[in-house]
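So the protein sequences, as listed, match chains A and B. Position one of the first sequence corresponds to residue 13 (this note's numbering), numbered consecutively onward. Position one of the second sequence corresponds to residue 13 (this note's numbering), numbered consecutively onward. From the three backbone atoms N, C-alpha and C, an ideal C-beta is built for every residue, glycine too. Shown next, in structure tokens, is the structure this report addresses.
Protein chains: 2
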Amino acid sequence: MTTLADVAKLAGVSAMTVSRVLNRPDTVSAETVAEVRKAIDKTGYVPNLLAGALASNKTNLIAVIVPTITGSIFSACIQSLTDALDEAGYQMLLGLSGYPAAREGRLLTAILSRRPDGLVLTGTSHSPRDRRRLKEARIPIVEIWDLSHRPVDMAVGFSHAAVGKAVAEFLLGKGYRRFAMVGADDERARLRWMTYSQVLQNNGIRPVVEVVTPAPTNLWMGRDGLSRLIADGFRDGAIFCSSDALAHGVLLEAQARGLSVPGDIAVMGFGDTDIAAYTVPALSTVRIDRFGIGRHAAECLLTRLGGGTVPGKTCDVGFAIIERDST
Amino acid sequence: MTTLADVAKLAGVSAMTVSRVLNRPDTVSAETVAEVRKAIDKTGYVPNLLAGALASNKTNLIAVIVPTITGSIFSACIQSLTDALDEAGYQMLLGLSGYPAAREGRLLTAILSRRPDGLVLTGTSHSPRDRRRLKEARIPIVEIWDLSHRPVDMAVGFSHAAVGKAVAEFLLGKGYRRFAMVGADDERARLRWMTYSQVLQNNGIRPVVEVVTPAPTNLWMGRDGLSRLIADGFRDGAIFCSSDALAHGVLLEAQARGLSVPGDIAVMGFGDTDIAAYTVPALSTVRIDRFGIGRHAAECLLTRLGGGTVPGKTCDVGFAIIERDST
DNA sequence: TTGAAAGCGATACCAA
DNA sequence: TTGGTATCGCTTTCAA
């Protein structure tokens, strides 16, 4: 494998000069640059960033940990994140932690060992040990998809409790008096639907028929979810689903059972992914700017890496209820 | 930042011993291991894999380049790939090349600079310069989503030309005599729909009304696609769409225009993603085992990294036509 | 504008 | 079972 020294020898200069041609060509005379470039082309030299990073203490690597990229929520976010990072010359180390985030501890070790210049994490809940390790890493860290009163470093997201509350109030405002929910067993989803149920109960509604499914969710779980709700005595009213996939499944099952929507049941989703936004007029949902989260997270990271300061540790990107009650 | 030497000093042993405790604990006496572990915990030591990789010439990093992860085709593949790699102790460096693969050259440099132990690429067409660089990297490489008679190293995928041919023959067999297509302007999609058109024309069918959309595709492009087909004189018959998203959009537009499916038009998709598989009985599609591609690619890589030999350079995972003509 | 020397933090290899 | 030494390929720093 060709090294910097090989190129230097061929070009008749020192290794340092080659390094400069690669990293700060403006500090080298034009003719030397030309000479070195020729040698680089001839040898097919590929720099070794491991050595470079070790020496300079800078990897140009941003690590990202999300539970899964199956499903368009996180993948859209990652796409916009990469686009922004790529432009700034950073690459992405992707870690998939799964649901529940059992692998997070191990993953974190593996990732910190690579000395990324920055880190993007999903969620704001980490073990005390992990929090400590994160702080000791002394790199900019953005926690996404949630808010926290004491983020490890920075946070870009929205309040899942606020979502649950808003949905409950929205549906109450529509006049519904019978409620159910199909929710995923993941930390943030749980926060949404538990708050939803709580607000409803505070308004004298009971029971709120509940069905919990594993994460990540899919259409089948939604279909099954409605069946279980019905088995549990739910006959009509409003159903909050913790994801669009679940909501879509509920709609399908309703259709299969001949239930009218929103006549018999009203369905509320979460995410506003393409499928829910464009194909299902009977489904209302909660819109999240997932591209915005990625872009914003990148911006926070890059600002700090550039030596700047990010105003405020947390950024609430908010959400919106998309109403699509009428067909 | 704590180093191996710091830990060694605290534990009263040499750096090498600490290194062994971390990498091959079985070669160190139990008491020494305990002593060292204590020192590691106390210092919160995080190994520096940059230095380790530089010294050992092994990064435990697999680089993956795909056009995009928006859309479930590639993301499902990546998910299964990571799962398999993670289990074997590898991490993933993700590169998004975009459509068309304009960034591929630059991305490749950036990625090879990190000296991954293996590489997964999308597609089999690379510039001569890139092919040369790939070979010179001397690492196992798997090209996925397509087949090639002369892969750079290994290939796991299926023939897009065969898909186009199979679809054309399937629809001809169903008795259709008027044809159209809505296809993405990406290399592999183009291969599918051009073959489709070619086979039809060889069977005396003309015209095949064609509409080309940019990649990546979405539902809106499908809706717009059908409108344009109709504007171009297409009134009834079979439509092949180069992705499920397009096909779904075509169905929606058909519904909006009051066209019956499959009465007036038959719609053929590609991908068999969840949405097409579970929600659209009127849509036939081409099923690809995208999880299988990821799993298999990982297997090829890991076998080679383990010193083994992969029998055969190319692996055709095939495809299947999923018939869902009747509602 | 260029170069020489000294690390960066680990592992390989050989010796004890 | 343990330790010493050379080395991996680059950048930093300082001097010319």
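Same chain, Cβ closer than 8 Å to residue i, five either side skipped, listed in chain order
i: E47/B; result: A23, G24, V25
i: A96/B; result: G306, R307, A310, E311, L314
i: L159/B; result: T136, A167, G169, F170, S171, T326, D328
i: L241/B; result: A192, V194, V221, V223, I251
Limits of the alpha helix (DSSP H) - the one that residue i falls within
i: F86/B; result: 84-99
i: V395/A; result: A query on residue 395/A cannot be resolved here, the shown segment of chain A reaching from 13 to 339 and no further.
7 Å CB neighbourhood of residue i in its chain, flanking five on each side removed
i: S341/B; result: Nothing about residue 341/B can be read from this structure; chain B reaches only from 13 to 339.
i: G261/B; result: L231, W232, M233, G234, R235, G237
i: T339/A; result: Low local confidence applies: a pLDDT of 48 at T339/A is under 50, so the model's placement there is unreliable, and no value is given.
i: L120/B; result: D142, R145
i: L263/A; result: V273, V279, V292, A294, L295
i: A51/A; result: V19, L22, A23
i: L317/A; result: D129, G130, P152
i: I85/A; result: G283, T285, R302
i: Y208/A; result: G176, V179, A180, M193, F252
i: M104/A; result: I74, V76, T94, L97
i: D197/A; result: V224, T225, P226, A227
i: D276/B; result: D248
i: K147/B; result: V164
Limits of the unbroken beta strand (DSSP E) element including residue i
i: G195/B; result: 191-196
i: A75/A; result: 73-78
i: G107/A; result: 103-108
Close beta carbons around residue i, own chain, < 6 Å, minus the five adjacent residues each side
i: C89/B; result: R302, I305, G306
i: M13/B; result: none
i: V33/B; result: V40, V45, V48
i: A100/A; result: L314
Backbone secondary structure at residue i - three-state DSSP
i: L64/B; result: The sequence given here places Gly at residue 64/B; Leu does not occur at that position. Residue state, collapsed to three classes: helix.
i: Y208/B; result: helix
i: A351/B; result: The requested residue 351/B does not occur in the structure, where chain B is confined to residues 13 to 339.
i: V40/A; result: coil
i: I52/B; result: helix
i: Q15/A; result: Looking at the sequence shown, residue 15/A is not Gln but Thr. Reduced to three states, the DSSP call for T15/A is coil.
i: V45/B; result: helix
i: K177/B; result: helix
i: K21/B; result: helix
i: V123/A; result: In the sequence as presented, Val is not what sits at residue 123/A; that position holds Ile. Here I123/A sits in helix by DSSP.
i: G187/A; result: coil
i: T339/A; result: At T339/A, the pLDDT of 48 sits below 50, so the modelled position is not reliable; the number obtained from the coordinates is stated separately. Coil at T339/A, not helix or strand.
Three or more beta-carbon pairs under 8 Å between the region 130-143 of chain A and the region 291-301 of chain A, yes or no? no
With a floor of 4 residues, list each alpha helix (DSSP H) that falls wholly inside the region 127-175 of chain A, ordered by position along the chain. Correct list: 140-148.
Extract the residue ranges of the beta strand (DSSP E) inside the region 215-257 of chain B, only unbroken runs of 3 or more that lie entirely within it. 220-225, 249-253
Does the region 56-70 of chain B touch the region 188-208 of chain B, meaning 3 or more C-beta pairs lie closer than 8 Å? no
So within the region 260-335 of chain A, which uninterrupted alpha helix (DSSP H) runs reach at least 4 residues, ignoring any that extend past its ends? 286-291, 302-317
Within 8 Å, do at least three Cβ pairs link the region 146-153 of chain A to the region 119-132 of chain A? Flag = yes, the region 119-132 of chain A and the region 146-153 of chain A touch.
If contact is defined by three or more beta carbon pairs under 8 Å, each pair taking one atom from either stretch, is the region 68-81 of chain A in contact with the region 107-126 of chain A? Yes, the region 107-126 of chain A is in contact with the region 68-81 of chain A.
Within 8 Å, do at least three Cβ pairs link the region 182-192 of chain A to the region 152-168 of chain A? no
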